[in-house]
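Beneath this line is the structure, given in structure tokens, with notes to follow.
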Amino acid sequence: MSDAVLRVEDLRVAFDTREGLVQAVDGVSWDVAPGRTLGIVGESGSGKTVAAMTAMGLLRGARVRTSGRVLLDGDELLTASPRRLQELRGTAIAMVFQDPLSALHPLLRVGAQIEEALRAHRSGVSRAIARARAIELLELVAIPDASRRVDAYPHELSGGMRQRAMIAMALANEPRVLIADEPTTALDVTVQRQILALLRRLRDELGMAMVLITHDLGVVAETADEVAVMYAGRIVEQAPAAELFAAPQHPYTWGLLRSMPRLDAPIGAELVPIPGRPPSLVHPPSGCRFHPRCPYVRERHREVDPPLEPLVGAGADGHRVACLLSEPERRAIWTRLAQGAPE
Amino acid sequence: MTELAAVERLVKRFPLTRGVMFRRRLGDVAAVDDVTLSVQDGESLGIVGETGSGKSTLARILLNLLEPTSGVVRWRGEDVTHARGARLAELRRARQLVFQDPAGSLNPRKTVGAAVADPFAIHGLLPERAARARRVAELLEQVGLDAALANRYPHELSGGMRQRVGIARAIALGPELLVADEPVSALDVSIQAQILALLRTLQRELRLTLVLISHDLAVVRHMCTRVAVMQHGRLVEVGSVEELFRAPREAYTRELLAAVPRIPGPAAPPSAQSSSSSST
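Residue numbers (our numbering), protein chains in the order written: chain R, 14 to 356; chain F, 2 to 281.
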């Protein structure tokens, strides 16, 4: 998309470990436009969080090898100076995490933390104004009784309220991009529903671009416009959300869909687990990285590494998949699977 | 069906205190508040509820791991609320718990083999080394693990493998009732399905009665024949899976169901419309 506010291009991130070089992210590109949500789905070790943390400049160090580009409007974040990064974080790009207790300071009142976030970027803001703004932000994220809760300590709030407080802190300086990493995973379903509705509302009202990282296909379906499915450090499929769920193309995506229990399946229906487990990122499989777990593997797939390519007739922003099966083959297989056939 | 286990008018209160040095007792919270529920022999009963609903407390009392404030715990018709000593040891063999976090329930300094052999050591069974090692190998294979993993340590295993070890321990003594408390919540989607399939297979093969505690309604619907919904320590609604998911009676159950994010696209077998999915 040309109007993207955040663009990740051919990002590679590797960690030097005792076991060898762990290629956590291996050539990933995505972008997100104002007011839109990109959902990034994957299991642990797929690289979804590493890519986002690298984009935020949170993963730097002697043992981290990074290449590619991360463009936030005019700034290149991978090479930005620590000082420039500090300026951009909060004001241009912010992140919320799964566990608010690890992001909020336990001994500081919630309001004081939001005020600090505000004053860190605007030295001229008086304490009184910062406090008023903190209360406003707590109201924005629908914390009831905000003028009282502003003086609460994190432990005095419930999990859902803490998550709201962390979102308020992330929004303090009206970032253009919000990266939310499993923002509702630790929450009850009824609270999850409220938080997702809140994020959608804030995205629309503030025109933020949002990157939603999650393992939960249901959460993605309800929130994202565009979905990228990651496996072993790569994007294996990317499409507009409705398209991805209506006509998924990658065997891994099929596997994820078929291994999730769902409320609209016939009672007694069997789940179909994906056999095996995610590969080592030190010695990834040859050819297609999914081939050791793929029910449709052919000899050639053990050698040829498929690129992420648009389907026939789809534009460069349309439905893309990294799979060596032909399009008619994939369509035929998914039609069979969707009708309840075994592999 | 006959009743295997039950709780009757069960209440569990925890003291609510404030302060660290000078603890003041502010009152009580009822984690479980007047719950009566029975588990039928051979069934799989799901207990669903959100944080603080009391579902885990209820399960621990059912297994005599916690003492209730009042009420009765029954096992095969016998009042076992205050069971002690040898009777309690027998009950432990018959009723086992599978935890959410297998990492937290396995001793990091013990090998997998030693962890699975633990129940035999605790109960003084299979004293002969070779026999015990054979049984451990059998159990590991029964939960889908390579017997050679007996010499590994928990940190060398993936989350799914550790949960399999937890399950091997739980079935080691041939229990009649298995209580699984959020057994797949910490696992990746593709691994969840493997563990759920394993629990189903074991339930069938070992004729286990299963109580599955979960916040995930789709998991409970998939695994169970009957469901109990809890909120704030109380039982809101109990019913068969067919009834409760099709026509929930209570507003809270409806609210819970409505909050579950839906996955679009066909659930096999699909309805007529969804099978004609677009092909770009």
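Heads up, the beta-carbon is just placed ideally off N, CA and C, and yes, glycines get one too.
Legend entry - Closer than 7 Å at the beta carbon, the chain R residues around S191(F): E56, G268, L269, S272, P286 and I287
query = Can you list the alpha helix (DSSP H) stretches of 4 or more residues lying completely in the stretch 118 to 150 of chain R, in chain order?
reply = 123 to 134
Buried or exposed by the 16-neighbour rule on C-beta atoms within 10 Å, applied to H83(F)
exposed
message = Can you give me the C-alpha to C-alpha distance between A174(F) and V137(F), rounded to a whole angstrom?
response = Before going further, note that residue 174(F) is Leu rather than Ala in the sequence given. About 11 Å.
Practice item. State buried or exposed for M2(F), treating a residue as buried only when at least 16 other CB atoms are found within 10 Å of its CB. Key: exposed
Contacts that A60(F) makes with chain R (C-beta to C-beta distance below 8 Å): Within chain R, no residue comes near A60(F); the closest Cβ sits about 18 Å away, beyond 8 Å.
TODO: Go ahead and label I287(R) buried or exposed: buried means 16 or more other beta carbons lie within 10 angstroms of its beta carbon, across all protein chains shown.
DONE: buried
Checklist line | For G52(R): DSSP bridge partner residues | finding: L225(R) and V240(R)
If I follow the unbroken beta strand (DSSP E) through L236(F), where does it start and stop? R235 to S241
In the DSSP output, what is E22(R) paired with across the bridge? R82(R)
TODO: Below 6 Å CB to CB, which residues in the same chain sit around R235(F) once its five sequence neighbours on both sides are set aside?
DONE: D34
- DSSP bridge partner residues for D44(R) (one or two, in chain order): R20(R)
Check your understanding: Excluding five sequence neighbours on each side, which residues of the same chain lie with their C-beta closer than 7 Å to the C-beta of V283(F)?
Key -> Residue 283(F) lies beyond the stretch modelled for chain F, which goes from 2 to 281, so this question has no answer here.
Along the stretch 219 to 234 of chain R, what residues have a CB closer than 9 Å to any CB found in chain F? H228, D229, L230, G231, V232, V233 and A234
**Prompt:** Taking the alpha carbon of S45(F) as the point to measure from, which residue in L127(F), A87(F) and T202(F) has its own alpha carbon closest?
**Reply:** T202(F)
Check: Since L98(F) and L64(F) are thought to touch, with beta carbons under 8 Å apart, how far apart are those beta carbons, to the nearest angstrom?
Finding: 6 Å
Practice problem: Using alpha carbons as the reference points, say which of I172(F), E256(F), L38(F) and S186(F) lies closest to V228(F). | Solution: L38(F)
Using the three-state DSSP reduction, which class does E68(F) fall into: helix, strand or coil?
coil
Query raised in the report: Taking a cut of 7 Å between CB atoms, which residues from the stretch 148 to 178 of chain F lie near chain R?
Result: S159 and G161
Give a yes or no on whether 9 Å exceeds the smallest Cβ distance from Q99(R) to chain F. no
Considering only residues of the same chain and omitting the five flanking positions on each side of R133(F), which have a CB-CB separation below 6 Å? A118, F121 and L127
**Report entry** Separation of I142(R) from P274(R), as counted between CA atoms
**Finding:** 49 Å
Between L153(R) and chain F, is any beta-carbon pair separated by less than 9 Å? no
Quiz item: What do you reckon, are the CB atoms on E316(R) and S299(R) nearer than 9 Å?
Solution: yes
Same chain, Cβ closer than 6 Å to S94(R), five either side skipped, listed in chain order
none
| query | P262(F) and D229(R): beta carbons closer than 9 Å? | reply | yes
Buried versus exposed call for S215(F) [16 or more other C-beta atoms within 10 Å across all chains shown]: buried
If you reduce the DSSP assignment to three classes, tell me which class A165(R) lands in. coil
ask   = DSSP three-state call for S160(R): helix, strand or coil?
value = helix
Q.
Does any residue of chain F have a CB that is nearer than 9 Å to the CB of P298(R)?
A. no
* Burial state of P157(R) (16 or more Cβ within 10 Å) -> exposed
Original post:
Counting pairs of beta carbons, one from the stretch 49 to 57 of chain R and one from the stretch 21 to 37 of chain R, are three or more of them closer than 8 Å?
Top reply: no
* In the DSSP assignment, what are the bridge partners of W267(R)? -> DSSP output for W267(R) lists no bridge partner at all.
Worksheet entry | 9 Å Cβ cutoff, Q352(R) in contact with chain F | yes
Check your understanding: Is T30(R) buried or exposed, if buried means 16 or more other CB atoms sit within 10 Å of its CB?
Key -> exposed
Checking contacts by CB at 9 Å: is I142(R) closer than that to chain F?
-> no
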